[in-house]
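Add 147 to a position in the sequence shown, counting from 1, and you land on the number used in our numbering. For reference, the structure discussed in these notes is given below.
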Amino acid sequence: MSEHNELLPDPLPAEPLAVVARWLADACAARRQPNANAMVLATASRDGRPSARVVLCKDIVPQPGYVVFYTNYRSGKGRELEDNPRAAVVMHWDALQRQVRIEGTVVTASAAESDAYFASRSWDKRIGAWASAQSQPVASRAALAEAVAAAARRFGAPVPGSAAADPNLRIDIPRPPHWGGYHLWADAVELWVEGGEGRIHDRARWSRALSPRAGGDFQASAWQVTRLQP
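In structure tokens, the structure reads:
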């Protein structure tokens with residue numbers, strides 16, 4: 148059973164992303180599942196073909212209200228977000244009987260923010276970001292391994308996974324221009340808590356309007372919230 152199975156309060160909170168941030172902290176602290184910050188990211192192509200995959204939520208910023216994740220801008224999801232910046236994510240913590248759905252508009256994070264996060268990654272992951280043309284075909288696993296080795300040579304690093312690869316090695320490896328962060332600005336948030344017998348769960352949905360501003364962010368209206376039937 149869940150250690151955090153309380154229902155949503157009444158009245159409902161005014162700021163849903165503050166609740167999401169707390170739930171994510173609970174899930175990480177509980178250590179009941181690996182990668183508690185995993186979330187399904189759904190995007191769609193310009194002609195409306197949907198696709199989904201799991202990415203890692205790297206931050207939730209309740210004010211002004213966005214979720215942060217990182218990836219290769221040239222990947223399948225990166226190309227779809229360039230054509231159609233609407234996206235949705237789902238976080239589900241089965242052990243804690245909680246689920247979050249977030250919908251909104253995605254914009255790229257600043258170069259400074261992406262640089263700072265990239266620098267915090269281990270050197271082998273930074274090599275991998277340079278080596279992989281994410282989502283593109285590759286002739287063989289050997290060809291991919293050679294791309295990794297070539298990237299390692301470029302930056303004077305050992306090949307990741309080799310006998311010489313020290314996980315604590317400090318190497319200056321800059322961020323590739325095709326890799327960085329995204330902000331999913333939420334205009335809809337739905338929270339779900341398992342409610343006990345008969346699948347009478349607790350469920351609520353928040354929505355707000357986003358108006359684009361100069362600089363790439365948004366002016367947001369106040370959240371409107373309503374309970375939903377399970």
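For every residue, glycine included, the Cβ atom is placed at its ideal position computed from N, Cα and C. Bear in mind that the values here come from a model prediction, so they are computed numbers and not experimental data.
Three Cβ pairs or more, each shorter than 8 angstroms: is that satisfied between the stretch 355 to 362 and the stretch 167 to 175?
no
Could you name each continuous beta strand (DSSP E) segment of 3 residues or more that falls completely within the stretch 157 to 197, going from the start of the chain to the end?
Counting whole runs of 3 or more residues, the stretch 157 to 197 contains the beta strand (DSSP E) stretches 185 to 191.
According to DSSP, Leu-338 sits in a beta bridge with which residue or residues?
As a working mapping, residue 338 is identified with position 191 in the sequence shown. DSSP, once it has assigned bridges, lists Val-247, Ala-351 as partnering Leu-338.
Identify every run of the beta strand (DSSP E) within the stretch 224 to 290, keeping only runs that are complete inside it and at least 3 residues long; order them along the chain.
233 to 240, 245 to 255
Going by C-alpha distance, which of Val-237, Ala-189, Thr-373 is nearest Pro-197?
Taking the first residue of the sequence shown as position 1, residue 197 is located at position 50. For Pro-197, the nearest C-alpha among the options comes from Ala-189.
Considering only residues of the same chain and omitting the five flanking positions on each side of Val-285, which have a CB-CB separation below 7 angstroms?
Along the sequence shown, one-based indexing puts residue 285 at 138. Closer than 7 angstroms at Cβ, skipping near neighbours: Leu-291.
Can the beta-carbon of Arg-233 be found closer than 9 angstroms to that of Glu-250?
The residue labelled residue 233 in the question sits at position 86 within the sequence shown. The residue labelled residue 250 in the question sits at position 103 within the sequence shown. Their beta carbons are under 9 angstroms apart, which means Arg-233 touches Glu-250 by this criterion.
Any idea if Ser-309 is buried or exposed, counting beta-carbon neighbours within 10 angstroms, 16 or more meaning buried?
What you label residue 309 is simply residue 162 of the sequence shown in a count that begins at 1. Classification of Ser-309: exposed, given that the 10 Å Cβ count is below 16.
Given 8 angstroms as the limit, is there contact between the stretch 316 to 326 and the stretch 261 to 277, that is, 3 or more CB pairs closer than that?
yes
Using the three-state DSSP reduction, which class does Met-148 fall into: helix, strand or coil?
Counting from 1 along the sequence shown, the entry for residue 148 is found at position 1. Confidence is the limiting factor: at Met-148 the pLDDT is only 38, short of 50, which leaves the residue's position unreliable, though a coordinate-based value still follows. Note: Met-148 maps to coil in three-state DSSP.
Looking at the structure shown, is Gly-385 part of a helix, part of a strand, or coil, going by DSSP?
Because the chain is modelled from 148 through 377, residue 385 falls outside the range shown and cannot be assessed.
Would Val-340 pass as a contact of Leu-159 if the rule is Cβ separation under 9 angstroms?
By one-based count along the sequence shown, residue 340 stands at place 193. By one-based count along the sequence shown, residue 159 stands at place 12. Cβ distance not < 9 angstroms, so Val-340 and Leu-159 don't count as in contact.
How should Lys-224 be labelled, buried or exposed, when 16 other C-beta atoms within 10 angstroms of its C-beta is the threshold for buried?
The residue you call residue 224 lines up with position 77 of the sequence shown. The residue is buried, with at least 16 neighbouring Cβ atoms inside 10 Å.
Whole angstroms are fine: how far does the CA of Gly-275 sit from the CA of Val-187?
Taking the sequence shown and counting its residues from 1, the one referred to as residue 187 is at position 40. Taking the sequence shown and counting its residues from 1, the one referred to as residue 275 is at position 128. Distance between Val-187 and Gly-275, taken at the CA atoms: about 22 angstroms.
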